[in-house]
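Residue numbers for the sequence shown follow our numbering, so the first one is 237 and each next one is one higher.
A quick write-up on the structure given underneath.
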Amino acid sequence: MTADAPLFTGLTDQAADGLLALMLAYRADARPDKLDLGIGVYRDDNGATPVMAAVKAAERLLVEAQPTKVYLGVDGDVDYVRRLAAIPFGADRAADERLIGMQTPGGTGALRLAAELIAANTAPRRVWIGAPTWANHIPIFRAAGVEIAAHPLFDPLTQSLDLDGMVAALETAGAGDALLLHGCCHNPAGIDFTPDQWERIADVAARRRLIPIVDLAYQGLGRGLEADAHGTRLLFDRCETLLLAYSCDKNFGLYRERTGALWAKAPDAASASRLHIAMRNPARSAWSMPPDHGAAVVRIILERDDLTREWRAELEQMRLRVLGLRESLAALHPALAGLRAQTGMFAMLPISHDAVMALRRDHGIYIADDGRLNVAGLTEANIPRLGAALAPWLGGRR
Ligand code: LMR
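Below is the structure:
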């Protein structure tokens, strides 16, 4: 660029994030009967994403009682962090003096902070990530300067999990390598490890001295709040250290409030405070202090037994609704039967990229480019329409 050329000219084309591009394409589609099964958002029978009743009640209390908007500090709302910790870890581990945590802007903020921590404090600066994974995982770690090592995980066309391939790859990992794991309800594959499968993963992670980074963004939407935390708790018990990136977007329905947390288990109590400072510094230079509203709402819900009960009941209702939709989807065609064994909001359809594009072009049905469908965006009323559009593409046809 010459010294007097206009700035920001000569930029090269960059690939847009697939899910964000999909949101824009859906919005731009003028067809009134278009169907959004792309971005991961829970919808009710009317296709709406209402604010949960427990959240509304907590918000009313917050508006009445909040005395100030003054900064809370880099850790955010520490009572939120403390109370929330018991949901993924259980009360005993949450009180363990080796565990430190801080509030983050959403699960993405937690993952980015974890990535910065790995980049600045480990020698390999490497993270193992299964294929496929959430569209934003690799960009987040790359942006922090962490090298990506891929391990096999799931083949959508055969709907099969390759745990042997995963473990074999991890046997080649070295001490201090990070390992990114979806705590439950894998995004995009819908797979959930069984307790036996978690044992194998925890075993290789502990033996190879890996740093598990658990991304837990759907707790309560898979097999239930407790069962969905099984892998996280096992890794906490088995591994020297562990990072947990948590999101309240889906299970509290707080999406736009960007409500998350990052916890780290230090190897011993003496190193916990140094690890805490190592987490605070990149947070300070990225967002300084996190936004308050969503965390305050979650804290109020968890402070009050009545609201906690209401939240748990609403979440369970959502979980059961998604399970029912998954069952109806799986019943559409024998090629979809494998979806029954999966959990959570997502499934990858066993169809080609051409099929994904044809659904969009010919039917106004939007699913992600990799064939991921947001099961939670379906309604019993629109499943037959999806089935008709999918029929030509399933079971090895076309
Ligand atoms: C998704 O995967 O659709 C959600 O987690 C939303 C997002 O930010 O991508």
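Where a beta carbon is used, it is the ideal one built from N, C-alpha and C, also for glycine.
As assigned by DSSP and simplified to three states, the class of residue i
i: ARG444; result: coil
i: PHE429; result: coil
i: PHE244; result: coil
i: LYS486; result: coil
i: VAL558; result: helix
i: ILE275; result: coil
i: TYR454; result: coil
i: PRO626; result: The question names Pro, but residue 626 in the sequence shown is Leu. Here LEU626 sits in helix by DSSP.
i: LEU297; result: helix
i: ALA414; result: strand
i: ILE619; result: helix
i: ILE603; result: coil
i: ALA409; result: coil
i: ALA266; result: coil
i: ALA638; result: Residue 638 lies beyond the residue range present for the chain, which begins at 237 and ends at 634; the question has no answer from this structure.
i: ALA261; result: helix
i: PRO527; result: coil
i: PRO286; result: coil
i: ARG459; result: coil
i: THR304; result: coil
i: PRO518; result: helix
i: PRO324; result: helix
i: ASP313; result: coil
i: ASP281; result: coil
i: ASP541; result: helix
i: THR468; result: helix
i: PRO570; result: helix
i: HIS373; result: helix
i: GLY631; result: coil
i: ALA549; result: helix
i: ASP598; result: helix
i: HIS589; result: helix
i: ASP253; result: coil
i: ALA577; result: helix
i: ALA239; result: coil
i: HIS636; result: This structure cannot settle anything about residue 636, because the visible part of the chain is limited to 237 through 634.
When the options are compared against residue i, the one with the closest alpha-carbon
i: SER588; options: PRO628, GLU550, GLN578 and ILE437; result: PRO628
i: THR304; options: ASP528, ASP400 and LEU479; result: ASP528
i: LEU349; options: ALA497, VAL277, GLU383 and MET593; result: ALA497
i: ASN423; options: GLY580, THR615, GLY489 and TYR602; result: GLY580
i: ARG329; options: GLU563, PRO360, GLY366 and ARG469; result: ARG469
i: LEU335; options: TYR602, VAL533 and LEU511; result: LEU511
i: GLN302; options: ARG535, GLN455 and ARG474; result: ARG535
i: ILE376; options: VAL306, LEU399, GLY345 and ASP428; result: GLY345
i: ASN487; options: SER507, GLY274 and VAL291; result: VAL291
i: ALA380; options: PRO368, PRO360 and ALA351; result: ALA351
i: GLY560; options: GLN395, ASN357 and GLN578; result: GLN578
i: ALA356; options: ASP413, ALA294 and ARG562; result: ASP413
i: PHE325; options: PRO268, LEU614, GLU462 and ASN282; result: GLU462
i: ALA508; options: ALA405, THR248 and GLU333; result: GLU333
i: ASN610; options: TYR602, GLY530 and ASP391; result: TYR602
i: VAL317; options: VAL403, ALA371, ASP398 and ALA531; result: ALA531
i: ALA522; options: THR340, THR394 and ARG562; result: THR340
i: LEU551; options: ASP280, GLU539, LEU626 and VAL299; result: ASP280
i: ALA425; options: ALA594, GLY600, ARG576 and ALA241; result: ARG576
i: LEU572; options: GLY631, LEU273 and SER524; result: GLY631
i: ARG296; options: ASP432, GLY283, SER564 and LEU543; result: LEU543
i: ALA322; options: TYR278, ALA239 and HIS466; result: HIS466
Beta-ladder partner(s) of residue i, from DSSP
i: MET584; result: ARG608
i: GLU383; result: ARG362
i: THR340; result: GLY496
i: PHE390; result: LEU397
i: LYS501; result: LEU335 and LEU478
i: ILE354; result: Paired residues: none, contrary to the question.
i: ILE536; result: DSSP output for ILE536 lists no bridge partner at all.
i: ILE449; result: LEU416 and LEU479
Cβ of residue i within 8 Å of any chain B Cβ
i: GLY410; result: Checking the listed chains, one finds no chain B in this structure; it contains a single protein chain.
Does the contact criterion of 3 or more C-beta pairs under 8 Å hold for the stretch 516 to 526 versus the stretch 306 to 313?
yes
Measuring CB atoms only, is the stretch 618 to 626 touching the stretch 556 to 574, in the sense that at least three cross pairs come out at less than 8 Å?
yes
For the pair the stretch 449 to 459 and the stretch 471 to 486, tell me if three or more CB-CB distances fall below 8 Å.
yes
Below 8 Å, can you find three or more Cβ-Cβ pairs linking the stretch 490 to 510 to the stretch 461 to 477?
yes
Is there contact between the stretch 383 to 396 and the stretch 354 to 368, where contact requires at least three CB pairs shorter than 8 Å?
yes
Contact between the stretch 453 to 464 and the stretch 540 to 557: three or more CB pairs below 8 Å?
yes
The stretch 403 to 422 in contact with the stretch 432 to 449 per 3-pair CB rule at 8 Å:
yes
Any chance the stretch 394 to 401 sits against the stretch 251 to 268, with 3 or more Cβ pairs inside 8 Å?
no
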